[in-house]
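Visitor: Numbering (our numbering), first residue to last: 877 to 1163.
For glycine and all other residues, C-beta sits at the position ideal for the given N, C-alpha and C.
Take a look at this one; I'll ask things after.
This is the structure in structure tokens:
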């Protein structure tokens, strides 16, 4: 169990055998390790062997009690995670290597983000405000205009303090914009604010800066999963930012995956229950 506690990621591979039991627990060593990893909140990647692929009888569990335990363990994994199915060991090795690579990158990004956050937290709010003001003056903004803008911003905050509505950041591909806009419209009618790039980004704005501000202020990240969004550099980057924040235990927006079509769910979203919107039922998505 010590190795599980020292690990960064837990990989669970399950075939047709349950394995040897831990006497005092009555479950397999693999399930005991999974329980410990899940208890500690480790990112978990789960792979189940395809039940439709023929296999030699010697690799199939024969013990009736272990068969029950194996079925129960599979049900637990499938209820908690989106699992990946593999047909053979080559298929498995390719999937695990790709998923671990992306997971390692997310963990590395998380560690960097945590260090940056520590540096930021070492600066007092007043020092940070002074830095912002100095940067604005260096860019040629007049002091009178700057003071007026600060006063207006503070006045607005004082008026709206305590009545802020939840904000949902929409990460999507523009190829899916029809259904995305329909969901956004439904949420806005329910009193929920929505951040969509084409509505928030203005001509001359910095894309990176504007999107970063949107992610910083969001309570939820709705990630619309489709072939085009998973191939979009921007969408994947937005998702990676939020995942790294969650992994670093610094909070960040709650991730809400929304499945628009049949795609392979990203490894680090397999622990998150997703909304199946393949039928296009927007009203159900809004609820």
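Specify the secondary structure class of residue 903 as computed by DSSP and reduced to three states.
Guide: In this structure, residue 903 counts as strand in the three-state DSSP scheme.
Visitor: DSSP on residue 968, reduced to helix/strand/coil?
Guide: Residue state, collapsed to three classes: helix.
Visitor: For residue 1149, which of helix, strand or coil comes out of DSSP?
Guide: Reduced to three states, the DSSP call for residue 1149 is coil.
Visitor: Kindly indicate the opening and closing residues of the alpha helix (DSSP H) around residue 940.
Guide: From DSSP, the alpha helix (DSSP H) with residue 940 extends over 940 to 956.
Visitor: Just to confirm, is the Cβ distance from residue 1129 to residue 1097 under 8 Å?
Guide: Contact: yes.
Visitor: Which residues does DSSP list as the beta-bridge partners of residue 889?
Guide: According to DSSP, which records beta bridges pairwise, residue 889 is partnered with 923.
Visitor: For residue 1082, does the count of other Cβ atoms within 10 angstroms reach 16, so buried, or fall short, so exposed?
Guide: Note on residue 1082: pLDDT 45, under 50, position unreliable in the model; no value is reported.
Visitor: Can the beta-carbon of residue 1101 be found less than 8 Å from the beta-carbon of residue 1072?
Guide: Going by C-beta atoms, residue 1101 is not nearer than 8 Å to residue 1072.
Visitor: Assuming residue 1091 and residue 1117 make a contact with CB atoms under 8 Å, what is their CB distance in whole Å?
Guide: Sure, about 6 Å apart at Cβ, within 8 Å.
Visitor: Between the C-alpha atoms of residue 984 and residue 1114, what's the straight-line distance to the nearest angstrom?
Guide: Taking the straight line joining both Cα atoms gives about 16 Å.
Visitor: Distance, Cα to Cα, residue 1095 vs residue 934?
Guide: If you take the alpha carbons of residue 1095 and residue 934, they lie about 51 Å apart.
Visitor: Out of curiosity, what's the CA-to-CA distance linking residue 894 and residue 882?
Guide: When rounded, the distance between both Cα atoms is 24 Å.
Visitor: Tell me whether residue 1099 is buried or exposed, calling it buried when 16 or more other Cβ atoms sit within 10 Å of its Cβ.
Guide: Buried: at least 16 other Cβ atoms inside 10 Å.
Visitor: Count the other CB atoms, across all protein chains shown, that sit within 10 Å of the CB of residue 913; report buried if there are 16 or more and exposed otherwise.
Guide: Answer is buried; the Cβ neighbour count reaches 16.
Visitor: Tell me the DSSP secondary structure of residue 1101 in three-state form.
Guide: Three-state result, residue 1101: strand.
Visitor: Give a yes or no on contact between the region 1003 to 1018 and the region 1041 to 1061, applying the rule of three or more CB pairs nearer than 8 Å.
Guide: Cβ pair count under 8 Å is below three, so no.
Visitor: Identify which residue in 943, 924, 1062 has its Cα closest to the Cα of residue 969.
Guide: Closest by alpha carbon: 924.
Visitor: Tell me, please, which residues DSSP counts as bridged to residue 1138.
Guide: Answer is none; residue 1138 lacks a bridge partner.
Visitor: How long is the line joining the alpha carbons of residue 855 and residue 948, rounded to whole angstroms?
Guide: Residue 855 lies beyond the residue range present for the chain, which begins at 877 and ends at 1163; the question has no answer from this structure.
Visitor: Label residue 1070 either buried or exposed according to how many other C-beta atoms from any shown protein chain fall within 10 Å of its C-beta, with 16 as the threshold for buried.
Guide: Residue 1070 is buried by the Cβ-count criterion.
Visitor: Which term fits residue 904, buried or exposed, when burial requires 16 or more other beta carbons within 10 angstroms of its beta carbon?
Guide: Buried, since its Cβ has 16 or more Cβ neighbours within 10 Å.
Visitor: Residues in its own chain within less than 8 Å of residue 926 by CB, not counting five upstream and five downstream?
Guide: So the list reads 961, 962, 963, once near-sequence residues are dropped.
Visitor: Among the candidates 1139, 1147, 1137, 1140, whose CA atom is the shortest distance from the CA of residue 1131?
Guide: When each option's Cα is compared against that of residue 1131, the closest is 1147.
Visitor: If you run the structure through DSSP and keep just helix, strand and coil, what is residue 1083?
Guide: Confidence at residue 1083 is low in this model, with a pLDDT of 48, below 50, so its placement is unreliable and no value can be given for it.
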